[in-house]
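Participant: Sequential numbering from 107 applies to the sequence shown in the working numbering.
Here a beta-carbon is modelled for each residue, glycine too, at the ideal position from N, C-alpha and C.
Predicted model, so just to flag it, every value in this text is computed and none were measured.
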Amino acid sequence: MMHGHAEAFDKKQLKASLYETASVPVDRSVWTLDHTPPAHPPLMGDVEADIVVVGAGVVGASLSLHLAERGINTVLIDAAQPADAASGRNAGHVQPYLLSLEPLADLPGKGRPFLDCLIEHRNIVFELCQRHGIDADQVQGGLLEVARKPSAALESAAKQWAGLGLDVEILGADRLRPLVGTDRYSFGTIWRNGGSVNPFLLTNGMVQAAAGLGARVYGDSPVRACERQGGRWKVRTASGSVLADRVVLCTNGHVGADFFADLQRTQFPLLACGLATRPLPQSFLDVVNPKRIAMSQHPAGLYPMVVDRKGRLISATIPGVGRAHRSDLYFQYFLRHLRRVYPEARDVRIELETYWTGMTHNSSAIYEKAYPKFYRVDEGLFALMNFGSWGNHLGPMMGMDVARALAADRPDSAALGCERPEQVRFSGSFSTKLRRFLIPSARLADRFGLV
Ligand SMILES: Cc1cc2nc3c(=O)[nH]c(=O)nc-3n(C[C@H](O)[C@H](O)[C@H](O)COP(=O)(O)OP(=O)(O)OC[C@H]3O[C@@H](n4cnc5c(N)ncnc54)[C@H](O)[C@@H]3O)c2cc1C
Numbered sequence: 107m108m109h110g111h112a113e114a115f116d117k118k119q120l121k122a123s124l125y126e127t128a129s130v131p132v133d134r135s136v137w138t139l140d141h142t143p144p145a146h147p148p149l150m151g152d153v154e155a156d157i158v159v160v161g162a163g164v165v166g167a168s169l170s171l172h173l174a175e176r177g178i179n180t181v182l183i184d185a186a187q188p189a190d191a192a193s194g195r196n197a198g199h200v201q202p203y204l205l206s207l208e209p210l211a212d213l214p215g216k217g218r219p220f221l222d223c224l225i226e227h228r229n230i231v232f233e234l235c236q237r238h239g240i241d242a243d244q245v246q247g248g249l250l251e252v253a254r255k256p257s258a259a260l261e262s263a264a265k266q267w268a269g270l271g272l273d274v275e276i277l278g279a280d281r282l283r284p285l286v287g288t289d290r291y292s293f294g295t296i297w298r299n300g301g302s303v304n305p306f307l308l309t310n311g312m313v314q315a316a317a318g319l320g321a322r323v324y325g326d327s328p329v330r331a332c333e334r335q336g337g338r339w340k341v342r343t344a345s346g347s348v349l350a351d352r353v354v355l356c357t358n359g360h361v362g363a364d365f366f367a368d369l370q371r372t373q374f375p376l377l378a379c380g381l382a383t384r385p386l387p388q389s390f391l392d393v394v395n396p397k398r399i400a401m402s403q404h405p406a407g408l409y410p411m412v413v414d415r416k417g418r419l420i421s422a423t424i425p426g427v428g429r430a431h432r433s434d435l436y437f438q439y440f441l442r443h444l445r446r447v448y449p450e451a452r453d454v455r456i457e458l459e460t461y462w463t464g465m466t467h468n469s470s471a472i473y474e475k476a477y478p479k480f481y482r483v484d485e486g487l488f489a490l491m492n493f494g495s496w497g498n499h500l501g502p503m504m505g506m507d508v509a510r511a512l513a514a515d516r517p518d519s520a521a522l523g524c525e526r527p528e529q530v531r532f533s534g535s536f537s538t539k540l541r542r543f544l545i546p547s548a549r550l551a552d553r554f555g556l557v
């Protein structure tokens, strides 16, 4: 039996404001530990391309890869290096489904093309890794949503998606126990097309593959302006420019891209934080999550969990306002959860290895309705953004689909359709609601066993 519960965390605390604005360096994120992908050079001088993709997150990386695969002369440009923002900081879950089918009604063809795309590419992350030889610690071990009591909502979602062609199953307590090592949950759904991935490596792997197919990739080159020049667009950075027929902004809620007024306030930003424990003994992991299944808890998903190949537990949550820098607090919550659910955790030394924050951008103030958006900002100028907390699956999928639509010169044929950006009202309300009220009360309810 191991003893003690030391929670040593010796990473130097940065200024609180860096956590609140998701500007802590990406090397705080667990996904970057032990990995230093090649740095891409800054854009120097003037170049030309068919399409310039701005933003090398999981979305821009996939779009560039699929454009390059189609022989399109592509430039990919990032303010920092690939996966510096949300794609290098997320919780690693691959969710091949959506929380609600309701928004489909507003998509072209009542959402049938989008649904068909989702079903056809339900394994896209794992297929891309295989096709391009990307080692992103990907595990298609399923995505498990567990609940303490039978949930009609979970059951009906599972049945609906199973009917559409996803491999999803409803599990009772007896089948859950060996998967999650606890009796706490009596009901669950397992989405077998899902799983976990290191999103930093996935994104960098796709960027490398795109470069291998001829895409030119530039890092440390914030785009400062984008102007019409004849029938083309000129994208400018401090030290160069790209003249291209078409531009696609994949900047996740136009972080830093404040040169397009039309894109201002077209989404609901939400700060999230992530944490990882130091590698844990295999004997403990064999109890908690022997098959490395990606887990989350219904209804609030307070302690999502994946295990990386080094045996770290990785989780994420939404920090309270003014508390985003409190690694101690969020680690304590996680630890308390582990000890509550797994008595074995009381005898294991569990230490925090690293803690970070990142920004998500959502298209709706209602979580379930937050589908990504493909905008036509102007003729030849597009934006693919607002992936909320579903970028790991939907990013590669929509990148592939939008590449198809652009290659065919039929942007409107994108499965998401192609709409004009529309400003939202009260863009801060979503964040306030979740960070001040919903998440803190869900945490209390969970603590006192009310859910
Ligand atoms: C803590 C946390 C947990 C999450 N958990 C999950 C999860 O488990 N599963 C899941 O699917 N999703 C999750 N998400 C959401 C997921 O990370 C995002 O949906 C996804 O990464 C968005 O990808 P993106 O490419 O649109 O944006 P980003 O990854 O944010 O990339 C945008 C890129 O644009 C660049 N950029 C911005 N402005 C400019 C400019 N002016 N010039 C040049 N480049 C620019 C940035 O440098 C950045 O690299 C989570 C997010 C966070 C923060």
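Beta-carbon within less than 6 Å of R452's beta-carbon, same chain only, minus the 5 sequence neighbours each way: which residues are those?
Facilitator: The residues are R445.
Participant: According to DSSP, I225 sits in a beta bridge with which residue or residues?
Facilitator: Per DSSP, none; premise fails for I225.
Participant: Using 8 Å as the threshold, is the region 306-321 in touch with the region 421-436, meaning 3 or more CB pairs across them?
Facilitator: no
Participant: Check whether the Cβ of A514 lies closer than 8 Å to any heavy atom of ligand 1, and answer yes or no.
Facilitator: no
Participant: Does the region 202-222 come within contact of the region 372-385, defined as at least 3 CB pairs closer than 8 Å?
Facilitator: Contact between the region 202-222 and the region 372-385 is absent, because fewer than three Cβ pairs lie under 8 Å.
Participant: Look up K340 in the DSSP assignment and give the residues it is bridged to.
Facilitator: Partner(s): E333, L349.
Participant: Identify whether P375 lies in helix, strand or coil by the three-state DSSP scheme.
Facilitator: strand
Participant: Measuring only the C-alpha atoms, how far is I545 from I178?
Facilitator: Answer to the nearest angstrom: the Cα atoms are 45 Å apart.
Participant: Suppose the cutoff is 6 Å on Cβ atoms and the five residues either side in sequence are ignored; what does the same chain contact list for H360 look like?
Facilitator: Contacts found: L369.
Participant: For V231, which option in V508, L500, A551, P148 has the closest C-alpha, if you only look at C-alpha atoms?
Facilitator: Comparing Cα-Cα distances from V231 to each of V508, L500, A551, P148, the minimum goes to L500.
Participant: Using only the alpha-carbon positions, how far apart do C332 and T538 sit?
Facilitator: 33 Å
Participant: Should G110 go down as buried or exposed, given a rule of 16 or more other Cβ atoms within 10 Å for buried?
Facilitator: Because the pLDDT of G110 is 43, which lies under 50, any placement of that residue in the model is unreliable, and the number read from its coordinates should be weighed accordingly. Looking at its Cβ environment, which holds fewer than 16 other Cβ atoms inside 10 Å, G110 is exposed.
Participant: Please give the ranges of any beta strand (DSSP E) in the region 145-174, keeping only runs that are unbroken, at least 3 residues long and fully inside the region.
Facilitator: Segments of the beta strand (DSSP E) lying fully in the region 145-174: 151-160.
Participant: Hey, is the region 485-499 in contact with the region 159-170, meaning 3+ C-beta pairs nearer than 8 Å?
Facilitator: yes
Participant: Starting from V323, trace the alpha helix (DSSP H) both ways and give me its first and last residue.
Facilitator: Note, V323: premise wrong, no alpha helix (DSSP H); beta strand (DSSP E) at 322-324.
Participant: Whole angstroms is fine: what's the gap from K265's alpha carbon to V394's?
Facilitator: C-alpha separation (whole angstroms): 27 Å.
Participant: DSSP three-state call for N468: helix, strand or coil?
Facilitator: strand
Participant: Buried or exposed: E275, going by 16 or more other Cβ atoms within 10 Å of its Cβ?
Facilitator: exposed
Participant: Would the beta-carbon of M503 be found less than 8 Å away from any heavy atom of ligand 1?
Facilitator: no
Participant: Indicate, with yes or no, if ligand 1 has a heavy atom lying under 8 Å from the CB of F493.
Facilitator: Yes - ligand 1 has a heavy atom lying nearer than 8 Å to the Cβ of F493.
Participant: How is the beta strand (DSSP E) around V274 delimited, first residue to last?
Facilitator: V274 -> beta strand (DSSP E) spans 274-278.
Participant: Please report how far the alpha carbon of A112 lies from the alpha carbon of A189, in whole angstroms.
Facilitator: With a pLDDT of 48 at A112, under the threshold of 50, the predicted position of this residue should be treated as unreliable, though the coordinate-derived value follows. Taking the straight line joining both Cα atoms gives about 32 Å.
Participant: Taking the alpha-carbon positions, what's the F440 to D222 distance?
Facilitator: 38 Å
Participant: Would you say the beta carbon of R410 comes nearer than 8 Å to a heavy atom of ligand 1?
Facilitator: Per the sequence shown, residue 410 should be read as Pro rather than Arg. Because some heavy atom of ligand 1 lies under 8 Å away, the Cβ of P410 counts as near it: yes.
Participant: Buried or exposed: P527, going by 16 or more other Cβ atoms within 10 Å of its Cβ?
Facilitator: buried
Participant: Rounded to the nearest angstrom, what separates T463 and W339 at their Cα positions?
Facilitator: 34 Å
Participant: Mark P387 as exposed unless 16 or more other C-beta atoms lie within 10 angstroms of its C-beta, in which case mark it buried.
Facilitator: exposed
Participant: Do L277 and F293 come within 9 Å of each other at the CB atom, strictly closer than that value?
Facilitator: yes
Participant: Could you say which of D184, R254, S495, A430 lies nearest to S123 if we only look at CA atoms?
Facilitator: Nearest to S123 by alpha-carbon distance, out of D184, R254, S495, A430, is A430.
Participant: Could you compute how far the alpha carbon of M503 sits from the alpha carbon of E525?
Facilitator: 18 Å
Participant: When the Cα atoms are used, what is the spatial distance from G523 to P214?
Facilitator: 6 Å
Participant: Comparing the CB of W137 with every heavy atom of ligand 1, is any distance shorter than 8 Å?
Facilitator: no
Participant: Using 8 Å as the cut-off, can you tell me whether the region 396-403 makes contact with the region 245-257, which would need three or more C-beta pairs spanning the two stretches below that distance?
Facilitator: Contact check between the region 396-403 and the region 245-257: three or more CB pairs, one atom from each, fall below 8 Å, which counts as touching.
Participant: Classify E226 as buried or exposed, calling it buried when 16 or more other Cβ atoms lie within 10 Å of its own Cβ.
Facilitator: With fewer than 16 other Cβ atoms within 10 Å, it is exposed.
Participant: Any idea if R218 is buried or exposed, counting beta-carbon neighbours within 10 angstroms, 16 or more meaning buried?
Facilitator: exposed
Participant: Within 8 Å: the Cβ of M150 and any heavy atom of ligand 1?
Facilitator: no
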